[in-house]
Structure formats: structure tokens, C-alpha cells
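Residue numbers (our numbering): 14 to 312. For every residue, glycine included, the Cβ atom is placed at its ideal position computed from N, Cα and C. Keep in mind that this is a model prediction, so the values were computed, not measured.
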């Protein structure tokens with residue numbers, strides 16, 4: 014397995030428009046929740062090198078599952094970056110990490126996508142834990158997450174400006190060849206950059222695959238697909254076709270459009286249309302549209 018990991022090393026630090034690695038399996042999410050009051054762990058204080066940058070790991074800002082996000086400072090220039098540390102415990106997990114890095118690198122360069130800087134691989138497969146670690150270096154968005162702004166009410170003009178930028182990021186993914194579905198579009202995955210631009214992050218759930226259930230599919234095949242989808246998505250943002258594969262609707266880029274609609278609702282009304290993640294309400298599109306005269310122009 015070590016040779017499989019090493020084969021990816023040369024790719025990560027080439028130019029963003031280089032060819033991506035070949036097909037990989039469906040990904041797992043590398044997203045992390047804010048690290049609450051925890052700002053350090055054993056990785057903080059270390060010096061690492063990624064894409065020619067020598068970086069001092071300063072503090073942890075998010076974590077979740079097998080991923081951690083740190084603030085890292087370039088030793089030479091003093092500039093700060095976001096450093097995502099991804100841990101792969103088997104070949105499938107490592108394929109998922111490689112897919113995330115490939116996707117982020119392919120999409121980088123768009124004004125509403127968090128900028129990719131570089132990535133590298135740390136081989137720990139011969140150690141006692143037999144795992145591989147990948148480091149993904151990106152721009153640091155000091156403005157925080159869009160969700161942090163929902164404690165205030167937005168006017169329609171500001172909602173449109175925010176939603177326009179979010180839609181541009183998703184459109185950039187959907188106009189790739191072949192199209193890329195993010196599959197975990199949610200308000201937490203939109204960050205605010207230093208220049209006040211909205212930036213989409215976290216491509217651990219992204220895929221170029223489209224699923225098309227048919228009447229020939231059996232229960233086992235549908236259950237496997239639903240389980241796989243549930244592992245890479247957030248319940249309240251899932252589209253109806255992801256929750257009910259018996260409807261035989263194609264599962265592709267349109268799931269991101271549904272999730273964008275949920276974000277638009279949250280921007281207008283400071284709450285999610287399906288906060289309880291109830292399957293029947295989502296499948297039936299059963300949500301309440303609050304009466305707010307400010308947003309009559311959207312109807």
C-alpha cells in the first residue's frame with residue numbers, strides 16, 4: 014500500500030492546471046467543525062514543508078473525523094495559510110483524500126473558490142499506526158464562515174450579492190468537463206476572504222459520478238447507494254432524490270441546486286427550511302415560507 018501512496022507525491026505540487034490523477038473511488042468528507050476551545054494539539058509548533066513553503070504550524074482552527082485544519086505561517090515571509098491535515102487509514106480513505114486534493118486543485122483560480130496552494134504526503138505506513146497523512150495548503154480566509162453572519166438580518170440587495178457569489182462557485186464546478194457535483198453545499202462551507210469575497214471550500218464529498226436508479230434496481234442496490242450518499246452529505250441539505258432512490262430520479266449536479274435553495278432560504282430568514290432534517294418533509298418539499306415583505310421581490 015505504501016507504493017500506492019507514494020505514487021501521488023509528485024503530482025500535488027505541480028501547477029494547478031496540470032492533469033489530475035486518474036479515477037478514484039467515491040470520497041469521504043474532510044470537513045471539520047470549529048475546534049471550540051481547543052487551539053493546540055501535538056502537531057502545533059512543528060515545522061513542515063509543503064510545495065516549497067516552510068511553515069510553522071501555529072494553532073488548530075477546526076477538526077472532524079480524520080481531518081484537522083490549522084493556521085500555518087510561512088517562516089520566510091510571515092504570511093499565514095490554512096493547512097488541512099488529512100489522515101488515511103486504508104486505500105479507500107487515501108483515494109478519497111486524493112480525490113479531494115485533485116478536485117480542489119482543478120477548481121482553484123476562480124474568485125469564489127478557496128485558492129489551492131499545494132499539497133504533500135507524509136508516509137507513516139511503516140509506523141505502528143500504519144497510516145498515511147496528507148497536507149493540503151490553501152489560502153486562509155480570516156473573515157470566518159458565512160454561518161457566523163446569520164445572527165443579523167440581511168436586506169434583499171445583500172442577499173442577492175451573497176447568493177450570486179455562492180452560485181458562481183457552484184456553477185464553476187458544474188461547467189467542468191465532466192461536471193463536478195460538490196454534494197455537501199452548506200452555509201458552513203462558504204468562507205469570507207480577507208477581501209470580503211465569498212469562497213467555497215471542502216471538496217471531500219465532490220464527485221464526477223452521476224447515479225441513475227432504474228426500475229430494475231433492487232432494494233440492496235438502493236440501500237447501498239443511500240448509505241454511500243449519507244456518508245458524504247449533511248442531512249438537512251440532502252435533495253429529495255438522495256433520500257428516496259425509489260423515485261428513480263437521477264442523482265447528479267442538481268443536488269447542489271437544491272442545497273443552494275436551502276442557503277437562499279437561510280440568508281433570507283436566518284433559519285434552515287428543513288432544520289429537523291425530516292425525510293418526508295424534504296421528499297415532499299414541505300416547508301413554510303415566512304411572511305416577510307422585504308423578500309416579496311423574490312417571488
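query: Do residue 271 and the ligand NAD come close, with the Cβ less than 7 Å from some heavy atom?; result: Looking at this structure, you won't find the ligand NAD or any other ligand, since it has none at all.
query: Report yes if the C-beta distance between residue 185 and residue 219 is below 8 Å; otherwise report no.; result: no
query: State the beta-bridge partners of residue 151 as determined by DSSP.; result: 95 and 129
query: Compare the Cα-Cα distances from residue 183 to each of 145, 130, 107 and 274 and report the closest residue.; result: 274
query: Which residue wins for smallest C-alpha separation from residue 77, given the options 159, 209, 255 and 99?; result: 99
query: Exposed or buried, residue 151, counting other C-beta atoms within 10 Å across all chains shown (16 or more means buried)?; result: buried
query: Secondary structure at residue 58, three-state DSSP: helix, strand or coil?; result: coil
query: If you compare alpha carbons, which of 227, 310, 263 and 249 is closest to residue 12?; result: Any answer about residue 12 is impossible in this case: the structure gives the chain only from 14 up to 312.
query: Measure the C-alpha to C-alpha separation of residue 241 and residue 145 and round it to an integer number of angstroms.; result: 23 Å
query: Measuring alpha carbon to alpha carbon, tell me which of 64, 83 and 206 ends up nearest residue 58.; result: 83
query: Hey, would you say residue 253 sits closer than 8 Å to residue 295, going by beta carbons?; result: yes
query: From residue 106 to residue 80, what distance separates their C-alpha atoms?; result: 12 Å
query: Taking only the alpha-carbon atoms, compute the straight-line gap between residue 266 and residue 188 and give it to the nearest angstrom.; result: 10 Å
query: Which value, in whole angstroms, describes the spacing of the CA atoms of residue 66 and residue 87?; result: 6 Å
query: Using a Cβ-Cβ cut-off of 8 Å (strictly less than) and excluding sequence neighbours within five positions of residue 176, which residues of its own chain qualify?; result: 273, 276, 277 and 280
query: Sort out for me which residues DSSP pairs residue 86 with in a bridge.; result: 69 and 93
query: For the alpha helix (DSSP H) holding residue 176, just list the boundary residues, first then last.; result: 169 to 187
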